[in-house]
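See structure below.
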Amino acid sequence: MTEFKNFTLQTDSDGIAVLTWDMPDRSMNVFTEEVMDEIEKAFDGLVADAAVKGVVFTSGKEGSFTGGADLNMLRRMNEAYESERKSDEEGAMRALFDRAGRMTWLWRKIETCGKPVVAAINGTCMGGGFELALACHGRVASPKAKLALPEVKVGIFPGAGGTQRVARMTDIQSALQMLLKGSTLSADKAKGMGLVDEVVAGDLVEAAKAMIANGLSPEKPWDRKGFKLPSGPVYSPQGAQVWPAVSSLYRKETYDNYPGARAIIKCVYEGLLVPMDTALRIEQRYFTEVIRTTEAAMMIRSLFVSMQALNKGARRPKDVAPTDLKTIGVIGAGFMGAGVAFVTAQAGLDVVLVDRDEETAARGKAHSEKLVKGLVEKKRLSEDKAEALLGRITATADYEALRKADLIIEAVFEDRDVKAEVSKKVAAVLGEHAIYASNTSTIPISTLAENAPDESRFIGIHFFSPVDKMMLTEVILGEKTGDKALAVALDYVRAIKKTPIVVNDTRGFFANRCVLRYMNESYDMLIEGVPPAMIENAAKAAGMPVGPLALNDEVAVDLSEKIMKATMRDMGEDAVDPRHFELVTSMTASGRLGRKAGKGFYDYPDKPAKKRLWPDLKARYDQKPASEVDFEELKHRFLATMALEAARTMEEGVVVDPREADIGSILGFGYAPYTGGAISYIDGMGTPAFVELCERLAAKYGERFEPTPLLREMAASNDTFYARFGGAKRAA
Amino acid sequence: MTEAYIFDHVRTPRGRGKKDGALHEVPAVRLGARVLEALRDRNGIDTAKVDDVIFGCVDPVGEAGAVIPKASAFEAGYDFAAPGMQISRFCASGLDAVNLAAAKVAQGADDLVIAGGVESMSRVGMGMSGGAWFMDPSVGIPAYFMPQGVSADLIATKYGFSRDDCDAYAVESQKRACRAWQEGRFAKSVVPVKDANGLTILDRDEHMRPGTDMQSLGSLNASFAMPGEMGGYNAVAIQAHPEIEAVDHVHHAGNSSGIVDGAGAVLVGSKAAGDMLGTRPRARIRSFANIGSDPALMLTGPVDVTEKLLKRSGMALGDIDLFELNEAFAAVVLRYRQAFDIDPDVLNVNGGAIAMGHPLGATGAMILGTVLDELERQDKTTALVTLCIGAGMGTATIIERV
Numbered sequence: 001m002t003e004f005k006n007f008t009l010q011t012d013s014d015g016i017a018v019l020t021w022d023m024p025d026r027s028m029n030v031f032t033e034e035v036m037d038e039i040e041k042a043f044d045g046l047v048a049d050a051a052v053k054g055v056v057f058t059s060g061k062e063g064s065f066t067g068g069a070d071l072n073m074l075r076r077m078n079e080a081y082e083s084e085r086k087s088d089e090e091g092a093m094r095a096l097f098d099r100a101g102r103m104t105w106l107w108r109k110i111e112t113c114g115k116p117v118v119a120a121i122n123g124t125c126m127g128g129g130f131e132l133a134l135a136c137h138g139r140v141a142s143p144k145a146k147l148a149l150p151e152v153k154v155g156i157f158p159g160a161g162g163t164q165r166v167a168r169m170t171d172i173q174s175a176l177q178m179l180l181k182g183s184t185l186s187a188d189k190a191k192g193m194g195l196v197d198e199v200v201a202g203d204l205v206e207a208a209k210a211m212i213a214n215g216l217s218p219e220k221p222w223d224r225k226g227f228k229l230p231s232g233p234v235y236s237p238q239g240a241q242v243w244p245a246v247s248s249l250y251r252k253e254t255y256d257n258y259p260g261a262r263a264i265i266k267c268v269y270e271g272l273l274v275p276m277d278t279a280l281r282i283e284q285r286y287f288t289e290v291i292r293t294t295e296a297a298m299m300i301r302s303l304f305v306s307m308q309a310l311n312k313g314a315r316r317p318k319d320v321a322p323t324d325l326k327t328i329g330v331i332g333a334g335f336m337g338a339g340v341a342f343v344t345a346q347a348g349l350d351v352v353l354v355d356r357d358e359e360t361a362a363r364g365k366a367h368s369e370k371l372v373k374g375l376v377e378k379k380r381l382s383e384d385k386a387e388a389l390l391g392r393i394t395a396t397a398d399y400e401a402l403r404k405a406d407l408i409i410e411a412v413f414e415d416r417d418v419k420a421e422v423s424k425k426v427a428a429v430l431g432e433h434a435i436y437a438s439n440t441s442t443i444p445i446s447t448l449a450e451n452a453p454d455e456s457r458f459i460g461i462h463f464f465s466p467v468d469k470m471m472l473t474e475v476i477l478g479e480k481t482g483d484k485a486l487a488v489a490l491d492y493v494r495a496i497k498k499t500p501i502v503v504n505d506t507r508g509f510f511a512n513r514c515v516l517r518y519m520n521e522s523y524d525m526l527i528e529g530v531p532p533a534m535i536e537n538a539a540k541a542a543g544m545p546v547g548p549l550a551l552n553d554e555v556a557v558d559l560s561e562k563i564m565k566a567t568m569r570d571m572g573e574d575a576v577d578p579r580h581f582e583l584v585t586s587m588t589a590s591g592r593l594g595r596k597a598g599k600g601f602y603d604y605p606d607k608p609a610k611k612r613l614w615p616d617l618k619a620r621y622d623q624k625p626a627s628e629v630d631f632e633e634l635k636h637r638f639l640a641t642m643a644l645e646a647a648r649t650m651e652e653g654v655v656v657d658p659r660e661a662d663i664g665s666i667l668g669f670g671y672a673p674y675t676g677g678a679i680s681y682i683d684g685m686g687t688p689a690f691v692e693l694c695e696r697l698a699a700k701y702g703e704r705f706e707p708t709p710l711l712r713e714m715a716a717s718n719d720t721f722y723a724r725f726g727g728a729k730r731a732a
Numbered sequence: 001m002t003e004a005y006i007f008d009h010v011r012t013p014r015g016r017g018k019k020d021g022a023l024h025e026v027p028a029v030r031l032g033a034r035v036l037e038a039l040r041d042r043n044g045i046d047t048a049k050v051d052d053v054i055f056g057c058v059d060p061v062g063e064a065g066a067v068i069p070k071a072s073a074f075e076a077g078y079d080f081a082a083p084g085m086q087i088s089r090f091c092a093s094g095l096d097a098v099n100l101a102a103a104k105v106a107q108g109a110d111d112l113v114i115a116g117g118v119e120s121m122s123r124v125g126m127g128m129s130g131g132a133w134f135m136d137p138s139v140g141i142p143a144y145f146m147p148q149g150v151s152a153d154l155i156a157t158k159y160g161f162s163r164d165d166c167d168a169y170a171v172e173s174q175k176r177a178c179r180a181w182q183e184g185r186f187a188k189s190v191v192p193v194k195d196a197n198g199l200t201i202l203d204r205d206e207h208m209r210p211g212t213d214m215q216s217l218g219s220l221n222a223s224f225a226m227p228g229e230m231g232g233y234n235a236v237a238i239q240a241h242p243e244i245e246a247v248d249h250v251h252h253a254g255n256s257s258g259i260v261d262g263a264g265a266v267l268v269g270s271k272a273a274g275d276m277l278g279t280r281p282r283a284r285i286r287s288f289a290n291i292g293s294d295p296a297l298m299l300t301g302p303v304d305v306t307e308k309l310l311k312r313s314g315m316a317l318g319d320i321d322l323f324e325l326n327e328a329f330a331a332v333v334l335r336y337r338q339a340f341d342i343d344p345d346v347l348n349v350n351g352g353a354i355a356m357g358h359p360l361g362a363t364g365a366m367i368l369g370t371v372l373d374e375l376e377r378q379d380k381t382t383a384l385v386t387l388c389i390g391a392g393m394g395t396a397t398i399i400e401r402v
């Protein structure tokens, strides 16, 4: 058939049509305007054709049904709205509303077309694709299928009937949890929830046809009289058990910072009180509202578009041929090195883990054994694969074993001399084309490079702890780092499925510079007499995952002291606020080193008791009454001080791409994801507003909030980082 | 403006609000009718002359729905000329009914109004009327909705009341209520609930536990620790009051108001109505006010509304002889006492809802009557009555003996 560009259509002798989606120019099916036009056209034809008794909707892509909608569609919708509203505000809104509902009503049309339609889900089935499947009258899935409505993760929500159908097909708590988390379901899990009818290992299309042949009703339960919700009516004793806590749990998880998540619970609540068509219209109204929010725009750009681009190696030198990485050397089997070894082996690469003696090296490997055991217990990894993973790690004291490594990563103690010693040994075994990388968090790469065998083949790869959990790596360019080294480093980072940002060499690189600002601000607040709980709660309310005092305890208070001392040594006494130094040294002097010591800014009683802020913190500084503290301003101070530091890194050329600053800030230190990252926070409110905020804070709290010259210049012309630094063009 | 007077008031005893409670067999409308009958019979009211019957009822659904004061008027055999209206301002409904009656009289629209409330919590469960406040996320989120018990625990945490402080208050409430009953201080207001044969169903407050002491309360588990944690309400409390690190759960069944069945009614009227009845007024309703307050603390409205009312009335705290504050939770009373530095001896002299129970819509009318009786007993003049209210509100009324 040549009727469609993206579909093939075949009707068998029993009158069952198979519509197969297979986009010619893409590896994965995605919804575009064109695809939706073709689906509509196909169904119009199938419904009109009396010979057709039912329809099977499937994908021609091996192992995948669809990745969902092309999120650029949303961007185009918003752009059209922005341009149309200049001449006709209401008309533009009406048009946006209609476009936002296109998928909703197309799926509804299929649901009410009068003929049974079955989705044969042969693999990954995301977003709008899952919503389409839910609108079908039956769903059969391959055991390998992965199904999800992940929209909430990028600041929006399933707006093509997802909130309504899930909540009518499964119990209300599971429905809300799945929608709010955007969690991925296995085929079996989806079947357990009633979202899939059959999991079929064999021929999916045949199974789908059989459902139709067996008399599948083309009428949905909710379109029949007497339909009962799985968890009973909203206004019922059962409903009263659930709904009051929906709002509070939403607030607990989000601090009410996420319009997409908020819209989900509103859609489900309001939608379950009315018939399906009305419910879909309500969902369409919320969807139209949410896609216009700054949060949605920023989250889609950073967490979807930029994240994908960086993961695909946006910064990789194009003219270096792809590297075929087989063996990675890791020197230093301490906590960091052991973590690097684990994620590397997990990615299917061979690892040579070297330390000063066999026993120490083996201890490093034991870290992987422990992590693997945990995964096996949670059934996230099979015994076979676990064994294979561990088999890929060779723990040894022999540097000779590093000769076959394509990339050697040094992860020894953070000390210039120790690292120099290692470099010397590496020089003897580094392969002719191999790359040497240092996992340093504080020592500038260019100074370490002096001891490296070949400076052009030397680079920094800064991992974050714990390595198996933290998704970011900073790839650090020394002065003489060559393109090949960068390409290999990025290929490696891609192989271990982490997200790289490429930064130029300076003290603290990118992430740690911003994090130090975060902790410093909390010291200032403590000194001002802000109640400690208010400091922590303000940070979390601003969207940070961990309060600054708790974070300080996690990274260790003595490390803060060490960093302060190093900063004073290298940059002069004035580089550290003496009140900060006094605070930190007085803590360390009394053994309050943080979580590892069982006491720091918090006390850590034995479980199950929870950590509590150290009561004496309040005694150290005259406490302000809570009513005299401007809580919103505390939130602004945290976000602004980190954003300002991120802006400085861009101004200094440490980070050259705003996407990297954004992704680095979210993955590196959890910068309020709803903002889209530290730079998008500035762009989102506009540089003039940000400069005004900084000036206001500078007047009250000092020059650390003073806007930089570049920011002032940008504010004057209402410029954005994405426009100025090219990210907007590249991100498109 | 006409003065609005109180001529009389009655209440039923409060039955334990459970299936084994004595009043569980009695329909809500019968409780309402009982207080209407009593006022009529005690005062010789020609019910054709009753301009309105206003009842507070917080869950006016099922048997309590469809304007229960009018239904109660039928049941009590009132003249068809007596109308009825049901109102709700949650826990203050009974007092707001009185205030509304006073306003109608003062304005000259009505001469004689019966105002009060009825709640059969054993027969119509709390929350049965539903509502957007706690069900609809569009309201629950901005309103910082949480169960009142968590709010009460938040008040205790924020203002520094320990479990012992709250338990000690509860012990005192029980003692005072017990003494009041023993000395017959409620005798002229409590009308027994009887069956058609004249047999008594209940003639005293059933919820009281006179032997309560610190030790017996100490064995009770905090009621709101689990919902606070599992329901996410502690997080809501902290987001609303971020200087708090963790909510200290101090309230339990023994230091919170009891769930009970009951009705109360107040006879409000003009001077002319008194002349018609041939009765002397016992007090005048001097002033009243309403306010909205912090929704997360929810139950500190009495503090705000007292400030507002005193200011509007041109009065000072020292002008008030007795205070009557509904004992929704111990911390509510402790915070009120703390805010105004009130002598415990003049606040809730005869105990309150912790000992005797809180039939939601009726309580406001009941405690107004209780404090009027006490003013008379002590031969004092002025009292302030106030209640905390769901969603963060407060109602207060100042009465003055004449």
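For the record, the sequence lines run as chains A and B.
So the first sequence is numbered by full-length UniProt numbering: it starts at 1 and just counts up by one.
So the second sequence is numbered by full-length UniProt numbering: it starts at 1 and just counts up by one.
Ideal Cβ positions, reconstructed from N, Cα and C, are used throughout, including at glycine.
Note that the structure is predicted; figures quoted are calculated from it, not measured.
Any C-beta of chain A sitting closer than 8 Å to the C-beta of Met1/B? no
Return the residue from the list Asp491/A, Gly508/A, Ile435/A that minimises the CA-CA distance to His462/A. Relative to His462/A, the option among Asp491/A, Gly508/A, Ile435/A whose CA is nearest is Gly508/A.
Taking the DSSP output, what are the residues bridged to Arg401/B? Per DSSP, Ala283/B.
Gln164/A, enclosing alpha helix (DSSP H) - first and last residue: 162 to 169
For the putative contact between Asp342/A and Leu381/A, defined by C-beta atoms under 8 Å, what is the C-beta separation to the nearest angstrom? In the sequence on display, residue 342/A carries Phe and not Asp. Not really, about 12 Å apart at Cβ, beyond 8 Å.
Could you confirm whether any beta carbon from chain B is found closer than 8 Å to the beta carbon of Lys266/A? yes
Opening and closing residue of the beta strand (DSSP E) in which Arg117/A lies: Sequence inspection shows Val at residue 117/A; the Arg mentioned does not correspond to that position. 117 to 121 is the extent of the beta strand (DSSP E) around Val117/A.
With 16 other CB atoms within 10 Å as the buried threshold, where does Pro545/A fall? Classified as exposed, Pro545/A has fewer than 16 neighbouring CB atoms from the shown chains inside 10 Å of its CB.
Kindly list, in the order they appear in chain B, the residues whose Cβ is closer than 7 Å to that of Phe631/A. Pro242
On a CA-only basis, which of Pro150/A, Arg592/A, Val117/A is nearest Ala213/A? Give me that one, please. The shortest C-alpha separation from Ala213/A is found at Val117/A.
Report the option in Ser189/B, Lys311/B, Ser88/B whose CA atom is closest to the CA atom of Ala38/B. Ser189/B
To which residues of the same chain is Tyr369/A closer than 8 Å at the C-beta, ignoring the five residues directly before and after it? One detail in the question is off: residue 369/A reads as Glu in this sequence, not Tyr. Spatial neighbours of Glu369/A in its own chain (CB-CB distance under 8 Å, excluding positions within 5 residues in sequence) are listed in chain order as Leu390.
C-beta contact flag for Tyr242/B and Ala539/A at 8 Å: Reading the sequence as shown, one finds Pro at residue 242/B and not Tyr. It is not a contact, given that the beta carbons lie outside the stated cut-off.
Between the C-alpha atoms of Arg730/A and Ser151/B, what's the straight-line distance to the nearest angstrom? With a pLDDT of 43 at Arg730/A, under the threshold of 50, the modelled position of this residue cannot be trusted, and the question is left open.
Please tell me whether Met366/B and Gly94/B are closer than 8 Å, where the distance is taken between their beta carbons. yes
From Gly262/B, Met298/B, Asp167/B, pick the residue whose C-alpha is nearest to that of residue 415/B; which is it? Not covered by the structure: residue 415/B. The range shown for chain B is 1 to 402.
Coil, strand or helix - Phe288/B by DSSP: In the structure shown, Phe288/B adopts extended strand secondary structure according to DSSP, grouped into three states.
Let's see if you can read the secondary structure: which residues bound the alpha helix (DSSP H) around Leu310/A? 307 to 311
Could you check how far apart the C-beta atoms of Gly460/A and Gln284/A are, in whole angstroms? I think they sit under 8 Å. Incorrect: roughly 49 Å between the Cβ atoms, too far for contact.
Excluding sequence positions up to five away, which residues of its chain have a Cβ less than 7 Å from the Cβ of Glu40/A? Leu106
Ile6/B to Lys104/B span [Cα, whole Å]: 13 Å
Give the range of the beta strand (DSSP E) segment to which Ala263/B is assigned. 260 to 269
Can you find a C-beta in chain A that's less than 8 Å from the C-beta of Phe134/B? yes
In chain B, which residues lie with their C-beta within 7 Å of the C-beta of Ser247/A? Pro137, Gly140, Ile141, Phe145
Apply the 10 Å Cβ neighbour rule to Asp505/A and answer buried if 16 or more other Cβ atoms are within range, or exposed otherwise. buried
How far does the beta strand (DSSP E) with Gln86/B in it extend, from its first residue to its last? 85 to 87
Compare the Cα-Cα distances from Val234/A to each of Asp657/A, Val656/A, Tyr269/A, Lys425/A and report the closest residue. Tyr269/A
Contact set between Gly130/B and chain A, taken where Cβ atoms lie within less than 8 Å: The contact set of Gly130/B on chain A, defined by CB atoms closer than 8 Å, consists of Tyr235, Ala240 in chain order.
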